[in-house]
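One structure is given here, and the rest of the page talks about it.
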Amino acid sequence: MPPQDTQKQISALIMSTLLFAACFATWTLISVIGLQIKQDLQLSETQFGLLVATPILSGALACLPMGILAERFGGRRLMLGVVLLVSIPLYGFAYAQYYWQYLALGLCIGFVGSTFVIGIHYVSSWASRDNQGLAMGVFGAGNLGAALTNLVAPLIIIAYGWRMAPIAYAFVLVLLALFFWLLTQDDPVHQRRSQERKALSLGEILTPLRELRVWRFGMYYFFMFGGYVALTLWLPDYYVHHYGFDLKTASFITLLFTVPGALARILGGWCADHMGARQVNWSVFWVCLFCLFFLSYPPTTMTIHGYDGDFTFALEMPVWLFTGLIMVVGVAMGFGSSSVYRVVYDYYPDRMGTVGGAVGMLGAIGGFVLPIMFGLVTDLFGIRSACFMLLYGLLALCMTVMYYGINRQENQNRLQEAIRNNFLQEKLDS
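Okay, here's the thing in structure tokens:
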């Protein structure tokens, strides 16, 4: 690649990552300021879960349409437009008073989550084939925006009140969007199509979505990314109510989950490039399965009836062990999120907008559905670790689907190879 193109690639990657980090910080902001809203409005666990998950819903539903639009019009202009539009309801969130107003504005703010799909298409168009995993991993490390929110938002709340947080975030979004526009250019794929005046038809764009494999990849991302987002939203509340921490302490401890998980996307992308994305996926699943087994175990009191009397033991996971295990889960999810998109590129290098949008949509839907399910199972069973039981069951389903999906694909490959060999042998015999 010429030095000038390399400079453009680096600039596109850096600015896209910075802007996505701000977008992701905005996307998860309600998880922190929602705790004060929960207290003010006396919300139940289920209502709180719906509040923090509402932005994730609109972001999820927007992923596929935005991926299709990125295929047609390129990612740069689309990224700028989405960010500027979202800054308006974000500013207005500071002036909401009623629960339905928070939900409505949260839906509008959630569109900022679709910038992941737009950015993946944009960054992928600049990167070479051998470095796709690394480039997308660096961009995906913009998930650090969640850690930024857990760090900065409590400080803003303590100093100025929670209503100042969305106002500050709106100004930062607009500022970074302008820098992004000034320091980047349209990606080479979009430039070439514009010069050739060769626009893809809607049918060509949507063709890959007919394949079951795309939705299987989306299911893996539902657990990897959806689980990461859901836990990012849920952990501050979990630390507050299960371990009795204040909001500031809970948010800071949550950084031990969000920061390593986001940074792991970079290393995960590199490993997917050099070790194989499928192998990374399998390893991630097994690590998460081990950790979630212990995280699912609720506080238990055991009484043993001996002949000299009863012996009572209290079994409860200490906060340091819980934090260590949840950090490992976060790192594993970061690895897995990058490897899933490397797999997507391996199969659909020319349709990263469409297929990436479908996969990203399912992952973001996971970020919406899972917090609500966390609230439901907590209210239903009265056990806070029930959220990890739910993730454990989802993971078992993903591993089963992946196992049979790989076996089916290998059987099809062997069958096609046998047919080809028979055809060649018949030609030789004739």
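Position 354 of the sequence shown, counting from 1, maps to 354 under this note's numbering, and the rest follow consecutively. Idealized CB from N, CA, C, for every residue including glycine.
Out of curiosity, what's the CA-to-CA distance linking residue i and residue j?
i      : j      : result
HIS241 : THR26  : 24 Å
GLN36  : LYS8   : 43 Å
VAL82  : ALA127 : 23 Å
TRP282 : ALA177 : 37 Å
LEU78  : SER251 : 32 Å
THR354 : PHE139 : 18 Å
MET15  : GLY382 : 45 Å
GLN412 : SER337 : 27 Å
MET389 : GLY366 : 15 Å
ALA153 : SER31  : 10 Å
GLN39  : GLU410 : 54 Å
VAL369 : TYR392 : 15 Å
PRO89  : GLY142 : 22 Å
GLY360 : ASN150 : 23 Å
ASP237 : THR249 : 11 Å
VAL401 : ARG216 : 8 Å
TYR91  : ALA135 : 32 Å
ILE487 : LEU247 : Outside the displayed span of the chain (1 to 430) sits residue 487, for which this structure offers no information.
PHE374 : TYR220 : 19 Å
VAL343 : THR207 : 18 Å
THR184 : GLN42  : 46 Å
ARG414 : ASP273 : 25 Å
PHE245 : VAL172 : 30 Å
GLY145 : PHE225 : 14 Å
ALA94  : GLY227 : 28 Å
Under 8 Å Cβ to Cβ from residue i, same chain only, skipping five residues before and after it: list those, please.
i      : result
LEU395 : PHE223, PHE285, CYS288, LEU289 and LEU292
PRO260 : MET327, GLY330, VAL331 and GLY334
ILE372 : THR46, GLY49, LEU50 and ALA53
ILE68  : LEU202, ILE205, LEU206, GLY353, THR354 and GLY357
Counting C-beta neighbours from all protein chains within 10 Å, is the total for residue i 16 or more, i.e. buried, or is it exposed?
i      : result
ALA269 : One detail in the question is off: residue 269 reads as Gly in this sequence, not Ala. Label assigned to GLY269: buried.
GLN132 : buried
ASN407 : exposed
ILE419 : exposed
TYR348 : buried
SER44  : exposed
GLU71  : buried
ASP130 : exposed
TRP100 : exposed
GLY324 : exposed
GLY161 : exposed
ARG435 : The structure shown does not extend to residue 435, since the chain is modelled only from 1 through 430, so no value can be given for it.
PHE294 : exposed
Leaving out five residues on either side along the sequence, give the residues of the same chain with a beta carbon under 7 Å from the beta carbon of residue i.
i      : result
THR54  : LEU103, GLY106, LEU107 and GLY110
LEU376 : THR46
GLY75  : ILE118, GLY119, HIS121, TYR122 and ASP187
ALA147 : LEU255, THR258, VAL259 and ALA262
SER114 : GLY59, ALA62, CYS63, MET66 and VAL82
SER387 : A quick correction: the sequence has Cys, not Ser, at residue 387. Counting only Cβ-Cβ distances below 7 Å, and skipping sequence neighbours, we find TRP234, PHE374, VAL377 and THR378.
CYS398 : MET219, TYR220, PHE223 and PHE285
Apart from the five residues just before and just after residue i, which ones in its own chain have a Cβ nearer than 6 Å to its Cβ?
i      : result
LEU315 : THR300
VAL112 : CYS23, THR26, TRP27 and VAL86
LEU380 : none
SER58  : LEU107, GLY110 and PHE111
ALA165 : ILE33, ALA153 and ILE156
MET1   : Here MET1 scores only 49 on pLDDT, less than 50, and its place in the model is too uncertain to base an answer on.
ALA433 : Nothing about residue 433 can be reported from this structure: the residues present for the chain run from 1 to 430 only.
When every heavy atom of the ligand MN is checked, does at least one fall within less than 7 Å of the C-beta of residue i?
i      : result
GLY382 : With respect to the ligand MN, the structure offers nothing, as it holds no ligand at all.
List the endpoints of the continuous alpha helix (DSSP H) containing residue i.
i      : result
TYR169 : 164 to 183
VAL117 : 115 to 126
SER296 : No alpha helix (DSSP H) holds SER296; DSSP gives it neither H nor E.
PHE222 : 212 to 242
PRO154 : 144 to 160
TYR102 : 99 to 109
ARG265 : 247 to 275
ALA135 : 132 to 140
VAL431 : Absent from the model: residue 431. The displayed extent of the chain is 1 to 430, so no value can be given.
Alpha helix (DSSP H) runs contained entirely in the segment 45 to 79, provided each spans 4 or more residues: 45 to 73
List, from N- to C-terminal side, the alpha helix (DSSP H) runs of 4 residues or more that fit wholly inside the segment 342 to 404. 352 to 381
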